[in-house]
Amino acid sequence: EQLVSDNELEEMSTQGSKYINKEIQNAVQGVKQIKTLIEKTNAERKSLLNVLEEAKKKKEDALDETRDSEMKLKAYPEVCNETMMALWEECKPCLKQTCMKFYARVCRSGSGLVGRQLEEFLNQSSPFYFWMNGDRIDSLLESDRQQSHVLDAMQDSFTRASSIMDTLFQDRFFTHEPQDTHFFPPLGFPHRRSHFLYPKSRLVR
Amino acid sequence: SLLPFSHYGPLSFHNMFQPFFEMIHQAQQAMDAPFHSSAFQFPDTDFLRGDDDRAVCKEIRHNSTGCLKMKGQCDKCQEILSVDCSTNNPAQAHLRQELNDSLLVAERLTQHYNELLQSYQRKMFNTSSLLEQLNEQFNWVSQLANLTQGEDQYYLRVSTVTTHSSDSDTPSRVTEVVVKLFDSDPITVVIPEEVSRDNPKFMDTVAEKALQEYRRKTR
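Okay, here's the thing in structure tokens:
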């Protein structure tokens, strides 16, 4: 059965609307809290970027030192030649066999071409390259190249995203309390350089 | 109080939010872009420790240097690495030791740098997921804002309240309340007997359930 009078329905509607209004306020505050979290994450990112720059400097100094040592060592005439060459002639077939077995078992793709490529590579290589750990140095240089590319790609995307968020968070919705009675004109921000998520001292890439 | 939303002005409130969605979406796209490009890949520095088969396969295909990492499995190759030329040329032996030491330092720093890069990438993922949350939260506020442009001063209007037994064999009685949230379709909310109508929390319970139903439908 219908339990309530029209007056009571009005009263219930008022109470319910107050609850909904509180929820709306919470939702608006929620938007602002997320903005604060984005700012916090970005501050952490900026300090991490400084750590990255320092680590990059140290890594590259160590790489330079390694290359210097390698150049100095290469400048020496190849001593112990006979010993090296004799060992190399026995090392190559073993290396080729081990590598082809691994490749067929693990890499699961055609090993014919790879076998010929490896044969050529070993015949062109010198045991000195091996003796000086030339393979490890080349791998380091390759990963250095990849790491620079990865950081550049991440920086580019952050720069673009931060200029958009900079504009978004400058909106009065974020800088004024909703109770403000000022009329909020539609979006139309004076275009500004994105400094919100990015220090003016933009890192030299 | 936000009541009514007119502080934002009816039209500008909705206009105001629309660009927000576009901007948030653009920021997300910008943030996620590099991770979708095939050229973007973290260097597999695991091969420095010889742990990552994938990296070795790639290197073998790329330029065969991946095979040199298997020198440990060939005695004669190991013997090359341990050839000691210091009797012929002590200076060279010293240089070689210097090279190996700096190589170890460079490998350790490269590994460390890679770990820092990955934590930097995690920061980007965090920001991207926060943008997703921002979008979702905005969506909810914007829809409410959109709905509050109606004439009715009530956000929630109760139209009927009825009570009946929840089913024939149990005497417990439930209260059924039909409400409209802004100008949504009528939403029927069933309140269990434990929350009686004279409970001060009754209408909060009704409004909370109605809002949940509304958000479920509009998601």
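Each protein sequence line maps, in turn, to chains A and B. The first sequence: position 80 = 78 (this note's numbering), numbered continuously. The second sequence: position 125 = 1322 (this note's numbering), numbered continuously. Glycine included, each C-beta is placed from N, C-alpha and C at the ideal position. It should be emphasised that the depicted structure is a prediction, and the values quoted were computed from it without experimental measurement.
Counting along the chain, no alpha helix (DSSP H) covers B/Thr1284, and no H or E run does either. With its beta carbon less than 7 Å from one in chain A, B/Phe1335 belongs to the interface. DSSP places A/Val112 inside the alpha helix (DSSP H), whose first and last residues are 110 to 122.
Listed by position along chain A, the residues whose Cβ is nearer than 7 Å to that of B/Arg1354 are Ser11.
Straight-line measurement puts the Cα of A/Leu85 at about 11 Å from the Cα of A/Cys78.
Taking a cut-off of 8 Å on C-beta distances, the segment 1373 to 1387 of chain B does not touch the segment 59 to 68 of chain A, as fewer than three cross pairs fall below it. For A/Lys20, the secondary structure class from DSSP, reduced to helix, strand or coil, is helix.
The continuous alpha helix (DSSP H) containing B/Val1253 extends over residues 1250 to 1260. Nearest to B/Ala1290 by C-alpha distance, out of A/Ser161, A/Gly113, A/Lys70, is A/Lys70. For A/Thr173, no chain B residue has a Cβ inside 7 Å of its Cβ, as the nearest lies near 13 Å away. In this structure the segment 1287 to 1301 of chain B does not touch the segment 93 to 113 of chain A; the number of beta carbon pairs closer than 8 Å is below three.
With respect to the C-alpha of B/Leu1353, the residue from B/Ile1384, B/Val1280, B/Ile1277 having the closest C-alpha is B/Ile1384. Taking C-beta atoms as the reference points, A/Gly28 and B/Ala1404 fail to come closer than 7 Å. Per DSSP, the continuous alpha helix (DSSP H) segment holding B/Val1403 begins and ends at 1399 to 1415. With respect to the 7 Å criterion, B/Ser1261 and A/Gln145 are not classified as neighbours on the basis of their beta carbons.
By the C-beta criterion, the segment 1264 to 1282 of chain B is judged not to be in contact with the segment 49 to 56 of chain A, since fewer than 3 inter-stretch pairs fall below 8 Å. If you look at B/Val1387, you'll find it in the beta strand (DSSP E) that goes 1384 to 1388. One Cα belongs to A/Glu117, the other to B/Gln1318, and the distance between them is close to 39 Å. With a threshold of 7 Å between beta carbons, B/Asp1401 makes contact with chain A. Contact note: A/Arg158 reaches chain B through Ala1227, using a C-beta cutoff of 7 Å and chain order.
If you look at B/Cys1271, you'll find it isn't in any alpha helix (DSSP H); DSSP assigns it neither H nor E. Per the DSSP secondary-structure output, B/Ser1362 pairs in a beta bridge with B/Arg1370. Take B/Lys1406, set aside five residues on each side of it, and the residues of its chain with a beta-carbon closer than 6 Å to its own are Val1386, in chain order.
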